[in-house]
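S.K.: Per the numbering used here, the very first residue in the sequence shown carries number 1; after that it's consecutive.
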Amino acid sequence: VGFYSAYLVADKVEVHSKNNDDETYIWESSAGGSFTIHQDDNIEEIPRGTKIILHLREDMMEYVEEKRLKEIIKKHSQFIGYPIKLQVEKEREKEISDDEAEEEEVKKEDEDTPKIEDVDEEKEKEKKTKKIKEKYNELEELNKTKPIWTRTPDDITEEEYGSFYK
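1. Short of 8 Å in beta carbon distance, which residues of its chain neighbour residue 80, apart from the five on each side in sequence? Order them along the chain.
2. Classify residue 104: buried if its beta carbon has 16 or more other beta carbons within 10 angstroms, exposed otherwise.
3. With a 10 Å radius around its C-beta and 16 neighbouring C-beta atoms as the bar for buried, classify residue 13 as buried or exposed.
4. Could you check whether residue 86 and residue 140 sit closer than 8 Å to each other, using their CB atoms as the reference points?
5. Bridge partners for residue 50 per DSSP, in chain order?
6. For residue 136 and residue 90, which I take to be in contact (beta-carbon distance under 8 Å), what is that distance rounded to the nearest angstrom?
7. Please check the pair residue 96 and residue 132, which I expect to be a contact at CB under 8 Å, by giving their CB distance rounded to whole angstroms.
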């Protein structure tokens, strides 16, 4: 049932697979008992391993939500020994020079009036900065917990035992 459960949410499934000493191959199927296998022409894809792409059905778009994916992975893959990573969009504050703010101040002044400028070396060195929120993508490992059977019994709590045998 495992792999074929992908068709509960997807119309089409692609499995990209690469061995160290071989080319990347793609297995594709839309269920129905037929599939195709072909060599991947896109060289930059994966250096090694497997990538699975699910083309979700329209009524299954809840599985695109980051929160929902994290819940499912935590529930069903908590003790898997291989890393499961999800590409997430994050935000960070970044300080940039505020040249635009200076330009706006100059525009506000009347262009017909003469300008008197004091040259102050300290002011020139001191740049105006503003903080902006920058979005970026990052691979976040979701199953950081080591498998229970690889740890010493003294390090495992009762809750972890209970959650594993649930």
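In this text, a Cβ means the ideal position worked out from N, Cα and C, and glycines have one as well.
M.R.: A quick look at the data gives this:
1. Closer than 8 Å at Cβ, skipping near neighbours: 143, 147.
2. In this prediction, residue 104 scores a pLDDT of 45, lower than 50, which makes its location untrustworthy; the coordinate-derived value is nonetheless stated afterwards. Residue 104 should be labelled exposed.
3. So residue 13 counts as buried.
4. A contact, by the Cβ cut-off of 8 Å.
5. Under DSSP, residue 50 shares a beta bridge with 17.
6. With a beta-carbon spacing of about 6 Å, residue 136 and residue 90 fall inside the 8 Å limit used to define contacts.
7. For a cut-off of 8 Å, the C-beta gap from residue 96 to residue 132 is around 6 Å, short enough to register as a contact.
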